[in-house]
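Chains as they are written, first to last, in our numbering: chain W, 4 to 142; chain P, -17 to 546. Here a beta-carbon is modelled for each residue, glycine too, at the ideal position from N, C-alpha and C.
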Amino acid sequence: MSNNRIVRHPILSIPDSQEIEFTWKGTLLKAHAGETIASALIANDIHIFGHHHRDGSPQGIFCANGQCAQCMVIANGRPVKSCMELIQPGLVVSPADGLPELPAVKVVPELRDTEEIRVQVLIIGGGPRVFLLQLNWGS
Amino acid sequence: LGKLGIEVILVDDKHRLGGKLVLQTHRFFGSTDAVYAGTRGIDIATRLEKEVRAYNTVDIWLESTALAVYSDQHVGILRNGDDYTLIKPQVILVATGAREKFLAFRGNTLPGVFGAGAFQTLVNRDLVRPSEKLFIVGGGNVGLIAGYHALQAGIGVVGLVEAMSECGGYQVHRDKLARMGVPIFTSHTILSANGNEHVESVTIAQIDANFKPVPGTEKSFECDSLLIAVGLDPVNEFYIKALEFGLPAYAAGDAEEIAEASAAMFSGKIKGLEIAKSLGYTSIEIPSEWYRTGEILKSKPGASQSQSTNDDSMGGVAPIIHCTQEIPCDPCASVCPNGLIYVNPEDIRKVPVFMGNNYCCAVCERCVAGCPGLAITLVDYRTNVDYPTVSIPYEFTRETISKHDIVTVTNKEGEALDDLPVMSIHKIPRSDRTLIIQVQAPKEFAHLISGIKVQDKNVTLPLDEYVDHINDDTIVCRCERVTAGEIRNLIQQGYRDINEIKAISRAGMGACGSKTCTALIHRLFREQGVPFDDVVDHTKRPLFVEVPLSAFAGVTDTQDELND
């Protein structure tokens, strides 16, 4: 299977990555520790992650931002967004063909109350806007 | 906020801080003083992350997604994927950025069609190549910069379509892409993405003044992916809900108004001070110049001037500035050790001017290596007045070019001027990964040389015949696979309430929470001539992403309770 990894880049340095293994449709594939399932699949030249339940149309990566759910795969039995979930050694990944089956619950699980936290400022989003709040003031 | 000892919880759904900065390999535009212009986005992210982590009252929650702002002024957070927590802040700052607009065309959901953000994430963050031949839809800064990033990653860029008669992004970005050998089709639109299980080709056509495709102008290109960069919408739903429920709220960056990242950084600085003031932690007045700087950084590109065809430095040495459009950017002025390049510090949108005469320039080439738009060359006539040496910035790997290689040099807009041998390839001290290539060129056009073609023209050749795509598979709702035809049909039947359209067709009922289709449905109403006042918009439901019910129930360890 071809390798779609970028090994040379004029700007980005290529980090040494630890190689791990996972399976896709029963085939053993290599991935880099710390990358998402989606990137591991694309690195292995796999672009079709499943087929839609309504019309069987092929599904692949679209937003890579955890928003669209088009890249859903089944990982260790659970439907996950492959662009947000990191690959793990030995992860069993298969395409989301049609609607995924929900895992059955064996026993009534133990529940706990939702934690409630009070804080002065809550910031949603850790992009460029946020940082300068902490900077540049003193002066 | 951290500096003033204010307790802050910062939530972000990614694995590291930095937002889209971590995807930006190019040097930033904007103001060197105010927002790190001249530094690459990735490096700004690293620097800022380190600094913010130094404040111990700032608690950073990564891999944590804000789900909703509730009427009791609590904010629901899904922490680490399955831990549901409620936060009651005194103030909320929404810095959620933007979401990409989608486009309706036939074949628009084929694997291989993706957003610019997805492309940059895969290529620049994860260092994987999702494509070998890319076609770009949209000539704003996002599409233009993504094209450049693709070339740098060794991906062919087959072409770019832009519906307007000019690209909306900065001219320096457009020119840079054109010089490298990417055809830019203005007044063109995409008709279809073609292929069975994956994109195999794209079909485009010219459009008339009413944005209708002109029959007979169709062209198809072989490509394996299509990058959609047709604009951004603010992710502002938390902000709107917070205001509605009386929780003091601020929005910064794209969540407030779509603009460049430099503007977003500056708006964060202002909002931070506003919040600290509202909490009584400081009484510093926010200088009015800050608001003005913020506005300047947000400006859209302004007037273009025609470039002088003469070179008055003939005989000496001087930089040639191929940047002729008013944009907020000033690194060139700050890098010249002799202060010979002037950008009006009161208004950095003004076009840079070289102030020196022929003898002041120290030929340090810092302006050549430092311009984020790769829009400055240096022409040196001193050793050979008829064949001056031209220094050209180059941001591709060292392996792609060798001394004595014959390269095609182009003018500012990308038209080939000549084929010339490479005299030298070097880096200047303190240069940030930009190489400088020197060629010797006849004096008649040495000053017009602006770049080097890097892409073979075979990548960009159209197919002999265009690919006709007749399937009615223009998808509006990707999650539920609802076509434009189905929704158009409902509009024609008289439906005006988007909630009814949702109930009948399921459009907007899917996993993404109608983030992608809403704007397209609005557009279909417009296209059908229905005034927006007649349309009942869909009811916005909370929950930003899908959440397993077990998270709300507080199931302590889901894995143990499940069957295999």
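For residue i: DSSP bridge partner residues
i: Q520(P); result: Looking at the sequence itself, residue 520(P) is His, so the reference to Gln does not match. According to DSSP, which records beta bridges pairwise, H520(P) is partnered with nothing at all.
i: Y37(P); result: In DSSP, Y37(P) forms no bridge with anything.
i: D100(W); result: H54(W)
i: G58(P); result: A50(P), L68(P)
i: F534(P); result: Note: F534(P) sits in no beta bridge, so no partner.
i: A146(W); result: Beyond the ends of chain W as shown, which are 4 and 142, falls residue 146(W); an answer cannot be given.
i: T465(P); result: I457(P)
i: A41(W); result: A41(W) is not bridged to any residue.
i: N106(P); result: According to DSSP, N106(P) bridges with nothing at all.
i: C311(P); result: G12(P)
i: R29(P); result: Beta-bridge pairing links R29(P) to no other residue.
i: G198(P); result: Partner(s): none; G198(P) has no beta bridge.
Residue i, buried or exposed, once every other Cβ within 10 Å from all chains shown has been counted against 16
i: F596(P); result: The structure shown does not extend to residue 596(P), since chain P is modelled only from -17 to 546, so the question has no answer here.
i: T521(P); result: exposed
i: Q137(W); result: Low confidence applies to Q137(W): its pLDDT is 48, below 50, so where it sits in the model is not reliable, and the reading given next is rough at best. By the neighbour-count rule (16 or more Cβ atoms within 10 Å), Q137(W) is buried.
i: D454(P); result: exposed
i: K394(P); result: buried
i: S288(P); result: exposed
i: H451(P); result: buried
i: Q21(W); result: exposed
i: L58(W); result: Sequence inspection shows Asp at residue 58(W); the Leu mentioned does not correspond to that position. D58(W) comes out exposed.
i: Q102(P); result: buried
i: M337(P); result: exposed
i: A98(P); result: buried
i: D546(P); result: Model confidence at D546(P) stands at a pLDDT of 42, short of 50, so the residue's coordinates are unreliable; what they give is reported in the following sentence. Exposed, since its Cβ has fewer than 16 Cβ neighbours within 10 Å.
i: K(-4)(P); result: buried
i: A224(P); result: buried
i: T371(P); result: buried
i: K158(P); result: buried
i: G321(P); result: exposed
Nearest-angstrom Cα separation, counted from residue j out to residue i
i: D48(W); j: N6(W); result: 7 Å
i: F167(P); j: G467(P); result: 28 Å
i: K83(P); j: Y130(P); result: 21 Å
i: I222(P); j: N62(P); result: 25 Å
i: R81(P); j: P216(P); result: 6 Å
i: C353(P); j: A493(P); result: 43 Å
i: W140(W); j: K(-15)(P); result: Low confidence applies to W140(W): its pLDDT is 40, below 50, so where it sits in the model is not reliable, and the reading given next is rough at best. When rounded, the distance between both Cα atoms is 8 Å.
i: I77(W); j: C318(P); result: 55 Å
i: E328(P); j: V34(P); result: 30 Å
i: V95(W); j: A237(P); result: 37 Å
i: E242(P); j: C349(P); result: 22 Å
i: L544(P); j: L102(W); result: At L544(P) the pLDDT is 49, less than 50, meaning the model places this residue with poor confidence; the figure from the coordinates comes in the next sentence. Approximately 19 Å, taken between the alpha carbons.
i: V426(P); j: L399(P); result: Residue identity differs from the one stated: residue 426(P) is Glu in this sequence, not Val. Taking the straight line from one Cα to the other gives about 11 Å.
i: A231(P); j: G79(P); result: 15 Å
i: T47(P); j: V527(P); result: 8 Å
i: P334(P); j: R22(P); result: 21 Å
i: I252(P); j: A233(P); result: 11 Å
i: Q55(P); j: D(-6)(P); result: 19 Å
i: A357(P); j: A344(P); result: 19 Å
i: Y66(P); j: V17(P); result: 36 Å
i: V124(W); j: L525(P); result: 21 Å
i: S249(P); j: Q422(P); result: 45 Å
i: E(-11)(P); j: I257(P); result: 12 Å
i: I388(P); j: I14(W); result: 24 Å
i: N218(P); j: T365(P); result: 59 Å
i: D64(P); j: R115(W); result: 13 Å
i: S147(P); j: L173(P); result: 17 Å
i: S142(W); j: I266(P); result: With a pLDDT of 34 at S142(W), under the threshold of 50, the modelled position of that residue is not reliable, and the figure given next carries that caveat. Whole-angstrom Cα-Cα distance: 10 Å.
i: G63(W); j: V105(P); result: 16 Å
Chain B contact residues for residue i, given Cβ-Cβ distances below 8 Å
i: T442(P); result: Among the protein chains of the structure shown, namely W and P, there is no chain B.
Rounded Cβ spacing between residue i and residue j (contact assumed at less than 8 Å)
i: I278(P); j: P313(P); result: Between P313(P) and I278(P) the Cβ distance is about 15 Å, and since that is not below 8 Å, they are no contact.
i: L5(P); j: R107(P); result: 6 Å
i: T117(W); j: L68(P); result: 6 Å
i: T185(P); j: V449(P); result: 5 Å
i: G490(P); j: T500(P); result: 7 Å
i: I189(P); j: A132(P); result: 25 Å between Cβ atoms; not a contact.
i: E179(P); j: P61(W); result: 5 Å
Item to complete: Could you tell me whether the region 37 to 45 of chain P touches the region 265 to 272 of chain P, using the rule of 3 or more Cβ pairs below 8 Å?
Response: no
Worksheet entry | Stretch-stretch touch, CB-based, cutoff 8 Å, three pairs: the region 112 to 128 of chain P with the region 206 to 214 of chain P | yes
Worksheet item: Between the region 194 to 204 of chain P and the region 80 to 100 of chain P, do at least 3 Cβ pairs fall closer than 8 Å?
Response: no
Worksheet item: So does the region 244 to 264 of chain P actually touch the region 72 to 81 of chain P, counting three or more Cβ pairs closer than 8 Å?
Response: yes
Practice prompt. Would you check if the region 110 to 117 of chain P and the region 410 to 417 of chain P touch, i.e. whether three or more CB-CB distances between them fall below 8 Å?
Written response: no
Item to complete: Could you say if the region 28 to 41 of chain W and the region 81 to 99 of chain W meet the contact criterion of at least three C-beta pairs nearer than 8 Å?
Response: yes
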